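Chemist: Residue numbers (the working numbering), protein chains in the order written: chain H, 1 to 220; chain D, 1001 to 1592.
Glycine residues also receive a C-beta, built at the ideal position from the N, C-alpha and C atoms.
Fair warning: this is a prediction, and the values are worked out from it, not measured in the lab.
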Amino acid sequence: MPPESSSSPSPRLDRRQALAWLAVAAVGLTASGRLPLGAAEPGDRPHGKRIGADPVLNKTYVPGELWPLSFTPAQRAAADALADLILPPEAGGKKPSELGVPAFIDEWVSSYYDETLKDRPIILAGLTWLDAEAQRRHGAVFAKLTEAQQAGIADDICGVKPVKKEHKPGQDFFKRFRHLAAGGYYTTPQGMRELGYVGNTPSANFDGPTPEALKHLGLA
Amino acid sequence: MPIITEKELRPDYDVIVVGSGAGGGQSAYTLTMNGVKVLMLEAGRNYDPATETPMFQTASQMPLRGLSTREKPFGFADATVDGGWEVPDEPYTQANDKPEERFWWWRARMLGGRTNHWGRISLRNGPYDFKPYSRDGLGFDWPIAYEDVAPYYDKVELLVGVYGSNEGLENTPDSPNGTLLPPPKARAGELYFKKHVAKLGIPVVPIHRAVLSTRQDHENIPRRLFPHNPTAQKLTAESMKARAACFWATDCGRGCSIRANYQSTTVHLPPALASGNLDILCDAHAREVILNDQGKAAGVAYVDKKTGQERVVKARAVILAASSGETARILLNSRAKRPEGVANSSGLVGKYIMDTVGAGLGGRVPAFENLPVHNEDGAGAHVYVPWWLYRPQHAGKLDFARGYHIEFTTGRQAPNLNVAGPAAPGYGRAFKEDLRRTYGSFVGFSGRGEMIPNKDSFCELDPSVKDKWGIPVLRFHWKWSSHELNQAAHMQRTFKEMIEAAGGVAGNPTTGDKAIKPGGFIIHEVGGGIMGADRAKSVTNGWNQCWDIPNLLLNDGSAFASNADKNPTLTIMALAWRACDHLIDEMRKGNL
């Protein structure tokens, strides 16, 4: 189910995530009597950099600007290829790899948040697994395979048909990668257009639904 | 120079206002329009929506696609900075580790305070809402009635600009003709629900929101607001002329650089500053109300957050509008002459804090698939469901005593990270087609209900924990009663019925204790200094004056004796305007 609505302005806060913060806050309180902001442990991301409570809001940010990225060239190549396989371009459209979608996924797994922490091992290990699986089946890394060969691997892990036990690590990875790739893609101008989102543009009047839309709903 | 530094403080302010949100903004506006010299203390930094608002930024231009994080809980682009349920250097504590007995305290340390983060939903309390005890024997009556506040609802609606309609519904007051701005057209999904839930007896009507659907009538409104005050008319007219109408795009929660929506920095503060009667000192964290030898309020001690130095400013009267919790904290920390804090002879400062009951449910309506593409942005909610079961509830046919209203969202909204969340497994063209078909078919329902004040929900000073500046912090106690839990469960069952009435598939309703959002989660914190007719049983009188200290006013949500489902902001402003009119009268008569 999608996130529920709120009288507070969107985007909406996921309740489970909020409760997770509350649990962390409870621990922090017991230890120090204070609510800690930096609850996620840096682990293998020693930069420890975050967005902060008072960032400049009205500027454009690019991945890598606020904290260093993590993908090796090999992981980046695999991420490019898999994102393009999951979200193939329409006629005249650009590929996700050309729209910065894999760079966003890299930004995500390189960041220092409770929300992103759990994805880091899944995505990094998954990209490495993907290349190993490609090598095992076809003797080349994933990015160098034909589309049919790439699809052969994706078909085994995407969950449309039952996933074999030996492919389970790939299944978890594929699910999270698809989620992030789609989120990254459909928030670009091209992706928004493809979904039929045509807002974010000022107009003198709000015209309401079109006659075609009303007819579609039996309201005309 | 109206946004001042410490060196520019004057020795002769009439009134100090602590806080710059709805209560503080309205107080400063009302006072300065009448020539009163005001100093406003704001605990956060200066903030200018005209230059700082990321109105048209898309998620792909933001870090992590605008993800909600602990630092920016409503997403990167939300207007609130230095705020949220956690504020650096400013902890609060809980008396109990049980999740259901914890209170989430939202603060916004910035000019405009919490008016930078709200849904702009502006509903009047009705006649029942001021006399709830008389109606069902629970909670408290206010010492004032709807008729006392109605003229001030009129004024606030005229000043800030509220769109909506008059529907003549029970306990859902109409506004005088010409007061509300025209409501925007309902969206396709909103109309679809209106049609299909009618058979459940559930009304869907235009909501009231503080957004300019048209420009304000700057020639006539100022004369209605200030019939005998040409200066106030001129200042208000100039401010209204500078506000543009909504251009039907971008999320109000990011702030509004064209001043089409209400936040105190777009409506209250510009004319107040233009009057020359207002100075604003930012980064000034109020710690204590200073009393004179007669026991009256004489000023405020505050910490300059930039230097850590403590300072005192003096005035003839003090208005606390620091947010319900922070106002209680200041009163309780004012212990120079009284160990129990000031204005606390009743022992009720910090007691009876309330939030709004919140519960939600999502679903999917197949009829919305492949809806012909058009721009559905509009301006937040256009319709809502006001509480519709007053009669069966009053007849004892429900297992909870108070009402709720329903807000819901439909249609194609700006895509976010979770766009693929509900999609079936797969990839490639089939996956993309699945998303394209279903995008816009998801709906979200939220209930916003009345919580009845109870003795187990309160705040007090923590005996040991202090903030960065050595000021004792609040410790919260929280409990829901069965009224709130049963109401939350009723909300979810109703949402399922509504979604199914529209041919949709809904999520699963659960029990009230699981459905209800944690206390403080809806950010409608009120109480802690409730008003009443008996000084032994309340902190303030019907004019928001502290019983013990008549020149000390609580003009935020503190004085609320109940928390109707109508959302508090409009009522905070109406009461602050009314309280300041009374304060001015009393000062002119020499009574304070």
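In whole angstroms, what separates the C-alpha of Ile-1004(D) from that of Arg-1010(D)?
Modeler: Going by the C-alpha atoms only, they are around 10 Å apart.
Chemist: What residues in the segment 52 to 63 of chain H bring their beta carbon closer than 7 Å to a beta carbon of chain D?
Modeler: Listed by position, the residues of the segment 52 to 63 of chain H near chain D (Cβ gap below 7 Å) are Gly-52, Ala-53, Asp-54, Leu-57, Asn-58, Thr-60 and Tyr-61.
Chemist: Looking at Gly-1504(D): is its Cβ nearer than 8 Å to the Cβ of Val-1365(D)?
Modeler: In this structure, Val-1365(D) lies closer than 8 Å to Gly-1504(D) by Cβ.
Chemist: Go to Tyr-1163(D), then tell me how far its alpha helix (DSSP H) extends in each direction, as first and last residue.
Modeler: Note, Tyr-1163(D): premise wrong, no alpha helix (DSSP H); not H, not E.
Chemist: Would you give the residue range spanned by the beta strand (DSSP E) that Met-1040(D) belongs to?
Modeler: Element bounds for Met-1040(D): 1038 to 1041.
Chemist: Is the CB-CB distance between Ile-1499(D) and Gly-1363(D) below 8 Å?
Modeler: Closer than 8 Å, so yes.
Chemist: Over the uninterrupted alpha helix (DSSP H) stretch that includes Ser-1134(D), give me the two end residues.
Modeler: 1132 to 1136 is the span of the alpha helix (DSSP H), which, as asked, contains Ser-1134(D).
Chemist: If I'm right that Ala-1315(D) touches Ile-1016(D) with Cβ under 8 Å, what's the distance once you round it to whole angstroms?
Modeler: With a Cβ gap of about 4 Å, Ala-1315(D) and Ile-1016(D) count as contacting.
Chemist: In the DSSP assignment, find the alpha helix (DSSP H) that holds His-1524(D) and state where it starts and stops.
Modeler: Careful: His-1524(D) lies outside any alpha helix (DSSP H) and carries neither H nor E.
Chemist: Output, in chain order, the set of chain H residues within a Cβ distance shorter than 7 Å of Ser-1060(D).
Modeler: Ordered by position in chain H, the residues that pass the 7 Å Cβ test against Ser-1060(D) are Thr-187 and Thr-188.
Chemist: Between which residues of its own chain and Thr-1172(D) is the CB-CB distance below 7 Å, once the five residues before and five after are set aside?
Modeler: Correct list, in chain order: Gly-1126 and Pro-1386.
Chemist: Tell me whether the segment 1111 to 1129 of chain D and the segment 1153 to 1171 of chain D touch, counting them as touching only if at least three CB pairs, one residue from each stretch, are closer than 8 Å.
Modeler: Output reads yes: the segment 1153 to 1171 of chain D touches the segment 1111 to 1129 of chain D.
Chemist: Short check: CB of Thr-1053(D) to CB of Cys-1246(D), under 8 Å?
Modeler: Not a contact, by the Cβ cut-off of 8 Å.
Chemist: Could you work out which residues of chain H lie near Arg-1215(D), taking near to mean beta carbons separated by less than 7 Å?
Modeler: Per Cβ cutoff of 7 Å: no residues; Arg-1215(D) is ~11 Å from chain H at best.
Chemist: Does DSSP classify Phe-1193(D) as helix, strand or coil?
Modeler: In the structure shown, Phe-1193(D) sits in a helix (DSSP, three-state: H, G or I).
Chemist: How many angstroms separate the CA atom of Ser-1175(D) from the CA atom of His-1208(D)?
Modeler: Looking at the two C-alpha atoms, the distance is approximately 11 Å.
Chemist: Measure the alpha-carbon distance for Phe-1076(D) versus Ser-1068(D) and round it to whole angstroms.
Modeler: Taking the straight line from one Cα to the other gives about 6 Å.
Chemist: When the cut-off is 8 Å and only beta carbons count, does Leu-127(H) lie next to chain B?
Modeler: The displayed structure is made up of protein chains H and D, and chain B is not among them.
Chemist: Taking Tyr-1092(D) as the reference, give the member of Ala-1574(D), Lys-1466(D) and Cys-1580(D) with the closest Cα.
Modeler: The shortest Cα separation from Tyr-1092(D) among Ala-1574(D), Lys-1466(D) and Cys-1580(D) belongs to Lys-1466(D).
Chemist: So Cys-1580(D) is in the alpha helix (DSSP H); what residue range does that whole segment cover?
Modeler: Run containing Cys-1580(D): 1569 to 1589, per the alpha helix (DSSP H) assignment.
Chemist: Per DSSP, Ser-1611(D) forms a beta bridge with which residues?
Modeler: Any property of residue 1611(D) remains undetermined from this structure, which presents chain D solely from 1001 to 1592.
Chemist: Would you mind reading off the limits of the beta strand (DSSP E) that contains His-1285(D)?
Modeler: Note, His-1285(D): beta strand (DSSP E), 1284 to 1291.
Chemist: By the 10 Å Cβ neighbour count, where 16 or more other Cβ atoms means buried, how is Val-1038(D) classified, buried or exposed?
Modeler: Result: buried.
Chemist: Using a C-beta cutoff of 8 Å, does Gly-1512(D) count as contacting chain H?
Modeler: Gly-1512(D) does not count as touching chain H.
Chemist: Once DSSP output is grouped into helix, strand and coil, what is the label at Ile-1549(D)?
Modeler: In this structure, Ile-1549(D) counts as coil in the three-state DSSP scheme.
Chemist: Give the secondary structure of Met-1062(D) by DSSP, where H, G and I count as helix, E and B as strand, and everything else as coil.
Modeler: Correct three-state label for Met-1062(D): coil.
Chemist: My parser needs the alpha helix (DSSP H) runs of 4 or more residues fully inside the segment 1315 to 1373 of chain D; what are they?
Modeler: Counting only runs of 4 or more, we get 1324 to 1333.
Chemist: Met-192(H) to Pro-88(H), Cα distance in whole Å?
Modeler: Going by the C-alpha atoms only, they are around 15 Å apart.
Chemist: Given that Pro-216(H) touches chain D, what residues does it touch there, using C-beta distances under 7 Å?
Modeler: According to the sequence as given, residue 216(H) is His; it is not Pro. Residues of chain D passing the Cβ test: Leu-1371 and Pro-1372.
Chemist: Check whether the Cβ of Ala-1188(D) lies closer than 8 Å to any Cβ atom in chain H.
Modeler: Output row for Ala-1188(D): interface = yes.
Chemist: Which same chain residues, not among the five before or five after His-1483(D), have their C-beta less than 6 Å away from its C-beta?
Modeler: If we look at His-1483(D) and ignore the five residues flanking it on each side, its Cβ neighbours are Phe-1400, Ala-1401 and Ile-1452.
Chemist: For Ile-86(H), which residues in chain D fall below 8 Å Cβ to Cβ?
Modeler: Per Cβ cutoff of 8 Å: Tyr-1427, Gly-1428 and Phe-1431.
Chemist: If I measure Cβ to Cβ from Glu-194(H) and keep anything under 8 Å in the same chain, skipping five residues before and after, which residues do I get?
Modeler: Hits under 8 Å: Glu-90, Gly-93 and Tyr-186.
Chemist: What residues in its chain sit with their C-beta under 7 Å from that of Gly-1520(D), if we drop five residues either side in the sequence?
Modeler: For Gly-1520(D), where only same-chain residues beyond five positions count, the Cβ hits under 7 Å are Phe-1103, Trp-1104, Trp-1105, Trp-1106 and Asp-1355.
Chemist: Are the CB atoms of Ala-1515(D) and Met-1491(D) within a distance shorter than 8 Å?
Modeler: It is a contact, given that the beta carbons lie within the stated cut-off.
Chemist: Should Gln-1294(D) go down as buried or exposed, given a rule of 16 or more other Cβ atoms within 10 Å for buried?
Modeler: Gln-1294(D) should be labelled exposed.
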